[in-house]
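Residue numbers (this note's numbering): 22 to 539.
Glycine included, every Cβ here is placed at the ideal spot set by N, Cα and C.
Below is the structure:
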């Protein structure tokens with residue numbers, strides 16, 4: 022059997038969550054839309070010396086790791102829009118002054134400032150969930166300030182007694198009610214988004230950029246409708262004389278929007294994941310799954326396999342891909358805990374603080390049922406109240422999660438790629454049971470073709486040698502774009518460039534994951 026036949030025989034079936042926006046793709050259309058930037062002096066010199074070559078050819082010839090790609094290059098603030106705003110504002114103020122005096126000039130100025138605020142909020146790369154906070158604050162200010170003029174100026178049509186004995190009490194009652202509703206809105210919808218906003222700012226891969234990346238990827242799908250995996254076949258012999266054939270399936274995604282999709286840990290441009298099938302003496306032995314820079318191993322005898330049209334098991338392992346993060350699992354999984362991701366202490370601290378804040382607000386919630394649920398949990402956990410996963414399973418009587426925590430959602434109830442057989446026999450979970458409706462029903466664009474296109478990773482693909490990052494370099498390592506399938510992430514000095522263990526020493530990776538599985 023040829024290598025291509027082996028790859029096709031065991032190629033995995035990927036099942037995604039319903040609201041997944043990014044799917045395995047070819048790197049060429051991604052790189053065509055990218056700009057490359059240097060992150061060190063050596064990188065600057067190399068970029069200058071290779072500046073005339075196409076980027077897809079150039080990146081494979083760069084020797085250092087001092088580079089990163091930027092996929093979303095569209096400026097967040099269009100200068101032409103602001104020029105037109107300035108011109109129209111000046112013309113409006115001048116026209117208002119000449120036609121109706123200072124009153125009209127003040128009105129036009131107010132409208133102009135409101136328009137500027139709306140334009141800024143639309144264009145700002147800062148997390149979009151800050152916009153409701155700004156609008157709520159403005160509403161609250163207007164609510165308190167606007168009536169001051171009315172009560173300080175005596176009206177010739179309304180007596181002082183009517184004004185203060187009738188209108189003032191009505192206003193105070195209305196103010197109190199609307200203030201409570203506004204505060205509840207802030208606690209329910211604004212506060213939960215603050216940790217994500219902080220991480221967005223640090224990551225330089227904000228919610229706005231994630232949405233721009235989705236739009237760019239949707240354009241790519243119009244011309245490149247077939248999902249792609251990059252494959253390698255390796256032959257190794259262990260110390261016991263066993264012959265191993267390792268089939269590696271590498272998947273590239275344009276964006277990791279885990280935080281936006283499921284309140285997950287990170288956001289970054291570019292994402293490399295992998296599934297590997299290990300054959301021992303020509304018999305399937307295990308399947309290895311990449312998960313957040315690490316991995317997991319499952320023996321072949323416990324792997325779920327796709328079924329043919331007659332209901333018989335095939336040789337295609339089922340892989341459940343987590344929403345946004347693209348981590349790979351052998352079964353449908355929903356994990357709600359900061360402990361799911363060992364890296365990123367700052368991230369875990371921020372999200373644990375988020376859970377604690379929401380939990381405290383729960384105790385102050387006007388809903389008696391919500392308070393009762395929170396108090397019941399305190400009585401149940403007591404000494405473990407400050408543990409990292411204290412809030413991970415807190416639910417109300419209708420089985421809805423009360424505290425929004427990072428969630429790994431590998432439910433498999435969405436788009437499916439690979440061998441098309443009896444899909445009804447494959448187990449799935451329902452992702453909308455774990456997501457808010459605005460997330461579970463968000464707009465998505467799927468590849469038009471459901472079967473794989475296989476591309477061999479060989480010496481003809483120059484970009485495989487690229488040692489830099491496949492996305493923007495951020496302040497936090499976990500929020501930066503990933504390295505390619507061949508290389509580890511550069512060290513702090515960007516001098517150490519090592520090959521991934523799973524690339525160069527696949528048997529060592531298998532042994533490591535086997536050890537961790539016990």
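With 16 other Cβ atoms within 10 Å as the buried cut-off, status of residue i
i, result
"residue 202", "exposed"
"residue 553", "Since the displayed the chain opens at 22 and closes at 539, residue 553 lies outside it and no answer follows."
"residue 437", "buried"
"residue 292", "buried"
"residue 456", "buried"
"residue 441", "exposed"
"residue 295", "buried"
"residue 334", "exposed"
"residue 22", "exposed"
"residue 480", "exposed"
"residue 190", "exposed"
"residue 252", "buried"
Bridge partner(s) assigned by DSSP for residue i
i, result
"residue 218", "None; residue 218 has no bridge partner."
"residue 355", "430"
"residue 328", "334"
"residue 509", "Beta-bridge pairing links residue 509 to no other residue."
"residue 56", "91"
"residue 305", "300"
"residue 504", "490"
"residue 438", "35"
"residue 342", "37 and 349"
"residue 292", "274"
"residue 322", "Partner(s): none; residue 322 has no beta bridge."
"residue 256", "266"
"residue 476", "251"
"residue 312", "315"
Pairwise C-alpha distance: residue j and residue i
i, j, result
"residue 346", "residue 447", "22 Å"
"residue 87", "residue 497", "16 Å"
"residue 197", "residue 188", "14 Å"
"residue 489", "residue 504", "6 Å"
"residue 465", "residue 50", "19 Å"
"residue 336", "residue 321", "10 Å"
"residue 355", "residue 280", "15 Å"
"residue 495", "residue 78", "25 Å"
"residue 509", "residue 199", "54 Å"
"residue 221", "residue 118", "43 Å"
"residue 27", "residue 306", "14 Å"
"residue 44", "residue 195", "50 Å"
"residue 303", "residue 263", "10 Å"
"residue 429", "residue 315", "15 Å"
"residue 348", "residue 260", "32 Å"
"residue 80", "residue 115", "54 Å"
"residue 434", "residue 128", "52 Å"
"residue 550", "residue 62", "Because residue 550 is not part of the residues shown, which for the chain are 22 to 539, the question remains open."
"residue 223", "residue 286", "12 Å"
"residue 432", "residue 24", "32 Å"
"residue 332", "residue 344", "28 Å"
"residue 161", "residue 282", "30 Å"
"residue 445", "residue 330", "10 Å"
"residue 84", "residue 299", "32 Å"
"residue 404", "residue 377", "Confidence in residue 404 is poor, its pLDDT being 48 and thus under 50, which makes the residue's placement too unreliable to answer from."
"residue 532", "residue 137", "59 Å"
"residue 449", "residue 491", "31 Å"
Cut-off 6 Å between Cβ atoms - residues of its own chain near residue i, not counting five sequence neighbours on either side
i, result
"residue 523", "530"
"residue 68", "59"
"residue 420", "With a pLDDT of only 47 at residue 420, under the threshold of 50, the placement of this residue in the model should not be trusted, and no figure is reported."
"residue 133", "110"
"residue 31", "268, 298 and 336"
Sequence-distant residues of its chain with Cβ nearer than 8 Å to residue i (five each side left out)
i, result
"residue 82", "71, 74, 483 and 486"
"residue 351", "308, 310, 317, 319, 323, 324, 325, 338, 339, 340 and 341"
"residue 123", "none"
"residue 93", "230, 233, 234, 237 and 290"
"residue 534", "309, 316, 317 and 318"
Close beta carbons around residue i, own chain, < 7 Å, minus the five adjacent residues each side
i, result
"residue 461", "39, 40, 452 and 453"
"residue 538", "318"
"residue 468", "44, 242, 246, 247 and 248"
"residue 76", "52, 55 and 57"
"residue 48", "273 and 484"
"residue 64", "85, 87 and 88"
"residue 471", "437, 438 and 441"
"residue 301", "263 and 265"
Any non-hydrogen atom of the ligand ADP within 7 Å of residue i CB
i, result
"residue 475", "In the structure shown, the ligand ADP is absent, as is every other ligand, since no ligand is present at all."
Legend entry - Validate contact between the segment 254 to 261 and the segment 316 to 332 using beta carbons, cut 8 Å, 3 pairs: When Cβ pairs closer than 8 Å are counted between the two stretches, the segment 254 to 261 is seen not to touch the segment 316 to 332, the count staying below three.
Inset, instruction - Determine, using beta-carbon pairs with one atom in the segment 234 to 249 and one in the segment 263 to 271, whether at least three such pairs fall under 8 Å. - result: No, the segment 234 to 249 does not touch the segment 263 to 271.
Inset, instruction - Check whether the segment 27 to 46 touches the segment 336 to 344, counting contact only when three or more Cβ pairs, one atom from each stretch, lie closer than 8 Å. - result: Yes: at least three Cβ pairs fall under 8 Å.
Inset, instruction - Pair every Cβ in the segment 230 to 241 with every Cβ in the segment 268 to 284, then say whether three or more of these pairs are closer than 8 Å. - result: Contact holds: three or more Cβ-Cβ distances are below 8 Å.
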